[in-house]
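Asks:
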């Protein structure tokens, strides 16, 4: 169930339009995102690398630079311990690449998701000691690794944590912790990802570079922005403030990247490098990189970034692509099982619980989070998917705006062997049964029925006459889109459907010819599953007019550009 809401925020749109040389329509969209002051609008539209915050504003950065510098000068061995997702792999690559340039003897250790789980563990500390490591630097993990860090310190290994996750009640005994979410950290922007925190560390280290190597250092930092940007997009952090700058600058560099591995992966997946966008990172390249850590080992993805020959890059890109196809197959199969279970719950006498907890005995633990996200998107409930693993029952959770998942599960520490995450996503290993977890969370759940209704916010009602090539091009000024900077959504009502037709090999494209009350005609297209498209077409057959939400686009065919509307949701009227 969903409800449509129209933003009605006020501002002098004509004045904003004139001052920043944009249309009043774009000014309205910017205001809808609560960007009001002139300096905010200017940063939003024109923010660049020069507007990034000083890395030394992060708590502990001075000491971190000194610790790394001393280790490098003493010729000590450094181990980078990352994570198995895009953010962790990118962060590890950023650190090792720059540290090697800096003169460090550094290697990378990425955990095995299935055998070792998330983050640094005690056995990794023992392993580092046996390998003669003097300094461990974590990235995209560490703040929750108390026992592992304590063991490393016990073994005489220094530990520098770089992380971006929520701060636990008891911090690990690391030498230094860099995490903008520390309550006493004065960094102006708290929501950067692990790759961005790693980038901040190497940017701070660059201040120590000899003047003779300064230009080379600046070029390397500029090149590494593509990995910080990719991590920012893939980790689904809020696309505001400094994150927008990381994403925008990163995408610009990805479009002209000469990294052999990245180019091979783009080619493998049919991505036109010069047209790369957040969509390609989030839905094409990112899933391939993640698939290595989900199904095999994240080092495959890391090695892709470090490839030196096109042949090796092509081989690894193909491996990642194949792993992603396997991941998709596993997800489709078990998502169908999950949907069937939820339908049974909804039809039972108790009805659908506010927090949906599913135990999928045959699902691979690596796809639990993806399935939880799919079910959450369909039903707009917080969803937890639990699977069986060698270490017991593991769970992945995805949540809605009104339910802070990590805060809620943190109220029941006795139910978990370990847990971590944030408001929208969390992971854990269970000490109890799935039913006991469901009972605990639902018995204390404060969600009301209105919280569970999906709210669709529309930027404005936009007549077809305003869908032009110029306006579509202007909308690119407010990219990249993401959380808190959602892709604009427009709407029209009382529209006549002149005709419609189902297209595509999979019968999953609905093509329409639409006419508004002024007689203006435009093409429309809607994508969905075969069932969704068929059902929508049948509803249109029985309707006099329709209302719908959409995003403006331009269809280019044989050199001719034609305006069109990309339809999201349709409501039919008799």
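In our numbering, the protein residues as written are 512 to 1085.
No residue lacks a Cβ here, since even glycine has one placed at the ideal position from N, Cα and C.
(1) When you compare each of 1061, 919, 886 and 687 to residue 967 by their alpha carbons, which one comes out closest?
(2) Assuming contact is defined by CB atoms lying nearer than 9 Å, are residue 621 and residue 804 in contact in what I supplied?
(3) Look at residue 576 and residue 686 and say whether their C-beta atoms are less than 9 Å apart.
(4) Specify, as a first and last residue, the run of the beta strand (DSSP E) that residue 979 falls within.
(5) What are the residues that DSSP puts in a beta bridge with residue 595?
(6) Check whether the Cβ atoms of residue 825 and residue 624 sit closer than 9 Å, and answer yes or no.
(7) Using alpha carbons as the reference points, say which of 962, 789 and 566 lies closest to residue 743.
(8) Using a threshold of 9 Å, state whether the C-beta atoms of residue 1027 and residue 975 are closer than that.
(9) Near residue 901, what residues of its chain come up, given a Cβ to Cβ distance below 8 Å and the 5 sequence neighbours on each side ignored?
(10) The alpha helix (DSSP H) that contains residue 764, what's its start and end?
(11) Skipping 5 residues on each side, what residues in its chain have a beta carbon closer than 6 Å to that of residue 1100?
(12) Which same chain residues end up closer than 8 Å to residue 531 when comparing Cβ atoms and leaving out the 5 residues on each side of it in sequence?
(13) Short of 6 Å in beta carbon distance, which residues of its chain neighbour residue 797, apart from the five on each side in sequence? Order them along the chain.
(14) Pick out whichever of 957, 1029, 979 and 1077 has its Cα sitting closest to the Cα of residue 1000.
(15) Considering only DSSP beta bridges, list what residue 936 is partnered with.
(16) For the beta strand (DSSP E) containing residue 1037, name the first residue and the last one.
(17) Where does the unbroken alpha helix (DSSP H) through residue 1096 begin, and where does it stop?
(18) Assuming contact is defined by CB atoms lying nearer than 9 Å, are residue 541 and residue 1057 in contact in what I supplied?
(19) Tell me whether residue 821, by its Cβ, gets closer than 8 Å to a heavy atom of the ligand COA.
(20) List the whole-angstrom C-beta distance separating residue 883 from residue 851, where the pair is believed to meet the contact cut-off of C-beta under 8 Å.
(21) Using the C-alpha atoms, what's the distance from residue 849 back to residue 840?
(22) Once DSSP output is grouped into helix, strand and coil, what is the label at residue 1023?
(23) To the nearest angstrom, report how far apart residue 1020 and residue 513 are at their CA atoms.
(24) Since residue 537 is in the beta strand (DSSP E), which residue starts that stretch and which ends it?
(25) For residue 962, tell me which candidate among 584, 829, 890 and 778 has the shortest Cα-Cα distance.
(26) Could you give the uninterrupted runs of the alpha helix (DSSP H) lying entirely in the segment 800-883, keeping only those of 4 residues or more?
(27) Based on the DSSP secondary-structure assignment, which residues constitute the bridge partners of residue 732?
(28) From this set, 569, 801, 668 and 753, which residue's C-alpha is nearest residue 697's C-alpha?
(29) Counting Cβ pairs, one atom from each stretch, are 3 or more of them under 8 Å apart for the segment 726-733 and the segment 776-794?
(30) Look up residue 601 in the DSSP assignment and say whether it is helix, strand or coil.
(31) Below 8 Å on the Cβ atoms is my contact criterion, and I expect residue 838 with residue 806 to pass it. Report the Cβ-Cβ distance as a whole number of Å.
(32) Looking at the secondary structure, which residues open and close the beta strand (DSSP E) in which residue 530 lies?
(33) First and last residue of the alpha helix (DSSP H) that includes residue 711?
(34) How is residue 513 classed by DSSP in three states: helix, strand or coil?
(35) Between the C-alpha atoms of residue 867 and residue 594, what's the straight-line distance to the nearest angstrom?
(36) Which word fits residue 651, buried or exposed, when buried means at least 16 other C-beta atoms lie within 10 angstroms of its C-beta?
Replies: Let me lay it out:
(1) 1061
(2) yes
(3) no
(4) It is not in any beta strand (DSSP E) - residue 979 carries neither H nor E in the DSSP assignment.
(5) Beta-bridge pairing links residue 595 to no other residue.
(6) no
(7) 789
(8) yes
(9) 625 and 626
(10) 752-765
(11) The structure shown does not extend to residue 1100, since the chain spans only 512 to 1085, so no value can be given for it.
(12) 538, 552, 553 and 556
(13) 597 and 745
(14) 1077
(15) 909
(16) 1032-1038
(17) Residue 1096 cannot be examined here, being either before or after the span of the chain that is shown, 512 to 1085.
(18) no
(19) This structure does not include the ligand COA; it has no bound ligands of any sort.
(20) The pair is not a contact, with the Cβ atoms about 15 Å apart (cut-off 8 Å).
(21) 14 Å
(22) strand
(23) 22 Å
(24) It is not in any beta strand (DSSP E) - residue 537 instead sits in the alpha helix (DSSP H) that spans 535-543.
(25) 890
(26) 810-817 and 821-858
(27) DSSP lists no partner for residue 732.
(28) 569
(29) no
(30) helix
(31) 6 Å
(32) Careful: residue 530 lies outside any beta strand (DSSP E), inside the alpha helix (DSSP H) at 524-531.
(33) 705-716
(34) strand
(35) 28 Å
(36) buried
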